[in-house]
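Undergrad: Residue numbers (the numbering used here): 76 to 416.
The beta carbon of each residue, even a glycine, is placed where N, CA and C say it ideally should be.
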């Protein structure tokens, strides 16, 4: 028997089994909640003068959706009005355990842009942006590949998520904002498990443009995160770039690794993005997503949360992977036994 060939075969087989193990524990991007796809988040203001109220309601609706609240569609302009409205949107109010706060923006445009980018990285549900010169407010939803997106409640503006430049509010004219300052639903919804919230992952990146890393990893209640690993693999499953952190804390911001994972330096091609999080209990959560780097103009990053509004989709999909893993492992081990006996 050729020993070298046998050793090579064993390594290939081990690689196959390890791949199946990774499949068991990794969550595919298809299970993610994509806030950039309208699941019914947006609507128009009911009457003149309620743009701030409508925008705040859309923001809270998106936050409730992220939290996995089953009644997130019940968050409307009218339902928020009783706690948030007093001849204008209050600077501080609480709605369904979500506390909303108020802040002002710097006067210089560049500083204003940077502040908004930072706020959106911390608040995937978006923020209410107010332009005193109009006066008008809208929901600023995200900053993706150099472009601000929003949902404008004005009736004469296109519905849904649109570029800010197509709305009735400008960065220059904006002066203040409302945001979700604290959210007890997020703490109560998944305290017993590892989770990823508001994390961006690539789909198609324009070569040289890159993508900012956003979102957080959070440990179960009473646990801490001991290890966070981020990697980009090429189409041959070879590691191209990696970053690692040992938070030893309950939460971790992926923005910390932004300077180490340089998507903009990747050449055109097909890749896999992988995130692996480990807690002090030894539990792991893994996320993978295939993406491309192209020379074309299309380039998107998607905000997501591992929390599913119904839970069944995530659990069913994991069970399917478990069943596939069990079947494939039994088949592989049986094949291996027949070869060596």
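From residue 363 to residue 245, what distance separates their C-alpha atoms?
TA: Here residue 363 refers to the residue found at position 288 of the chain shown. Here residue 245 refers to the residue found at position 170 of the chain shown. CA-CA distance, residue 363 to residue 245, rounds to 36 Å.
Undergrad: When DSSP labels each residue in this structure, what does residue 208 get in the three-state scheme?
TA: In the chain shown, residue 208 corresponds to position 133, counting from 1. Three-state DSSP puts residue 208 in coil, outside helix and strand.
Undergrad: In chain order, what are the residue ranges of uninterrupted alpha helix (DSSP H) at least 4 long that sit wholly in the stretch 282 to 339?
TA: none
Undergrad: Going by DSSP, name the residue or residues bridged to residue 238.
TA: Reading the chain shown from its first residue, position 163 is the one you call residue 238. Looking at the DSSP assignment, residue 238 forms a beta bridge with 224.
Undergrad: Which term fits residue 343, buried or exposed, when burial requires 16 or more other beta carbons within 10 angstroms of its beta carbon?
TA: On the chain shown, residue 343 is found 268 positions in, with the first residue counted as 1. By the neighbour-count rule (16 or more Cβ atoms within 10 Å), residue 343 is not buried but exposed.
Undergrad: Give a yes or no on contact between the stretch 290 to 310 and the stretch 342 to 360, applying the rule of three or more CB pairs nearer than 8 Å.
TA: yes
Undergrad: Cβ atoms of residue 218 and residue 195: under 7 Å apart, would you say?
TA: As a working note, residue 195 is residue 120 in the chain shown. As a working note, residue 218 is residue 143 in the chain shown. Taking 7 Å as the Cβ cut-off, residue 195 and residue 218 qualify as a contacting pair.
Undergrad: Since I believe residue 316 is in contact with residue 337 (beta carbons under 8 Å), could you give me their beta-carbon distance rounded to a whole number of angstroms?
TA: Here residue 337 is taken as the residue at index 262 of the chain shown, counted from 1. Here residue 316 is taken as the residue at index 241 of the chain shown, counted from 1. Residue 337 to residue 316, Cβ: 7 Å. Contact.
Undergrad: Please work out which residues of its chain come closer than 7 Å, Cβ to Cβ, to residue 257, disregarding the five sequence neighbours upstream and downstream, and give them in chain order.
TA: Along the chain shown, one-based indexing puts residue 257 at 182. For residue 257, where only same-chain residues beyond five positions count, the Cβ hits under 7 Å are 174.
Undergrad: I need the boundaries of the alpha helix (DSSP H) containing residue 140, first residue and last residue.
TA: Along the chain shown, read from residue 1 onward, the residue named residue 140 stands at position 65. 126 to 142 is the extent of the alpha helix (DSSP H) around residue 140.
Undergrad: Could you tell me which residues DSSP pairs with residue 147 in its beta bridges?
TA: Along the chain shown, read from residue 1 onward, the residue named residue 147 stands at position 72. Per DSSP, none; premise fails for residue 147.
Undergrad: Measure the Cβ-Cβ separation of residue 198 and residue 140 and say whether it is below 7 Å.
TA: Here residue 198 refers to the residue found at position 123 when the chain shown is read from its first residue. Here residue 140 refers to the residue found at position 65 when the chain shown is read from its first residue. Going by C-beta atoms, residue 198 is not nearer than 7 Å to residue 140.
Undergrad: Tell me which same chain residues have a C-beta within less than 8 Å of the C-beta of residue 237, skipping the five on either side of it?
TA: As a first step, residue 237 must be located in the chain shown, where it is residue number 162. Excluding five sequence positions before and after residue 237, the CB atoms of its chain that fall closer than 8 Å to its own CB belong to 224, 225, 226 and 227, given in chain order.
Undergrad: Could you tell me the boundaries of the alpha helix (DSSP H) in which residue 250 lies?
TA: The residue you call residue 250 lines up with position 175 of the chain shown. According to the DSSP assignment, residue 250 belongs to no alpha helix (DSSP H) but to the beta strand (DSSP E) extending over 249 to 258.
Undergrad: Where does residue 154 sit, in a helix, a strand or coil, going by DSSP?
TA: Taking the chain shown and counting its residues from 1, the one referred to as residue 154 is at position 79. Residue 154 falls in the helix class under three-state DSSP.
Undergrad: Using a threshold of 7 Å, state whether the C-beta atoms of residue 213 and residue 130 are closer than that.
TA: As a working mapping, residue 213 is identified with position 138 in the chain shown. As a working mapping, residue 130 is identified with position 55 in the chain shown. Yes; because the gap between Cβ atoms is below 7 Å, this pair is in contact.
Undergrad: Whole angstroms is fine: what's the gap from residue 156's alpha carbon to residue 216's?
TA: Reading the chain shown from its first residue, position 81 is the one you call residue 156. Reading the chain shown from its first residue, position 141 is the one you call residue 216. Taking the straight line from one Cα to the other gives about 21 Å.
Undergrad: With a Cβ-Cβ cutoff of 7 Å, do residue 277 and residue 348 count as a contact?
TA: Here residue 277 refers to the residue found at position 202 when the chain shown is read from its first residue. Here residue 348 refers to the residue found at position 273 when the chain shown is read from its first residue. Contact: yes.
Undergrad: Please return the same chain residues whose Cβ sits closer than 7 Å to the Cβ of residue 242, not counting the five positions on each side in sequence.
TA: As a working mapping, residue 242 is identified with position 167 in the chain shown. Same-chain partners within the cutoff: 213, 225, 227 and 232.
Undergrad: Who are the near neighbours of residue 360 in its chain, counting only those whose CB is closer than 6 Å to its CB and skipping five residues on each side?
TA: What you label residue 360 is simply residue 285 of the chain shown in a count that begins at 1. Closer than 6 Å at Cβ, skipping near neighbours: 269 and 352.
Undergrad: Rounded to whole angstroms, what is the Cα-Cα separation between residue 280 and residue 367?
TA: Along the chain shown, one-based indexing puts residue 280 at 205. Along the chain shown, one-based indexing puts residue 367 at 292. Cα-Cα distance, rounded: 6 Å.
Undergrad: Kindly list the residues whose CB is nearer than 7 Å to the CB of residue 138, restricted to its own chain and excluding five residues on each side of it in sequence; keep chain order.
TA: As a working note, residue 138 is residue 63 in the chain shown. For residue 138, where only same-chain residues beyond five positions count, the Cβ hits under 7 Å are 173, 200, 255 and 258.
Undergrad: Given a cut-off of 7 Å, decide if residue 305 and residue 350 are closer than it, judged by their beta-carbon atoms.
TA: Taking the first residue of the chain shown as 1, we reach residue 350 at position 275. Taking the first residue of the chain shown as 1, we reach residue 305 at position 230. The answer is yes: Cβ separation under 7 Å.
Undergrad: By the DSSP assignment, the beta strand (DSSP E) with residue 352 in it spans what residues?
TA: Start at 1 with the first residue of the chain shown, and residue 352 comes out as number 277. That run of the beta strand (DSSP E) goes 344 to 354.
Undergrad: Note down, in chain order, each residue of its chain lying with its Cβ closer than 8 Å to the Cβ of residue 330, except the 5 sequence neighbours on either side.
TA: Counted from its first residue, the chain shown places residue 330 at position 255. Excluding sequence positions up to five before and after residue 330, its CB lies within less than 8 Å of the CB of 196, 287, 288 and 289, all in the same chain and listed in chain order.
Undergrad: Do residue 187 and residue 180 have their C-beta atoms closer together than 7 Å?
TA: The residue you call residue 187 lines up with position 112 of the chain shown. The residue you call residue 180 lines up with position 105 of the chain shown. Contact flag set, yes.
Undergrad: So what's residue 112 in DSSP terms, helix, strand or just coil?
TA: Reading the chain shown from its first residue, position 37 is the one you call residue 112. Three-state DSSP puts residue 112 in coil, outside helix and strand.
Undergrad: Measure the beta-carbon distance from residue 207 to residue 165 and round it to whole angstroms, keeping in mind my assumption that it falls under 8 Å.
TA: Position 132 of the chain shown, counted from the first residue, corresponds to residue 207. Position 90 of the chain shown, counted from the first residue, corresponds to residue 165. The pair is not a contact, with the Cβ atoms about 17 Å apart (cut-off 8 Å).
Undergrad: State the CB to CB distance for the pair residue 300 and residue 324, rounded to an integer number of angstroms; the pair is presumed to be in contact (CB under 8 Å).
TA: By one-based count along the chain shown, residue 300 stands at place 225. By one-based count along the chain shown, residue 324 stands at place 249. 6 Å between Cβ atoms; contact.
Undergrad: Let me know the secondary structure DSSP gives residue 269 once reduced to three states.
TA: Here residue 269 corresponds to residue number 194 of the chain shown, with the count starting at 1. Residue 269: coil per DSSP, three-state reduction.
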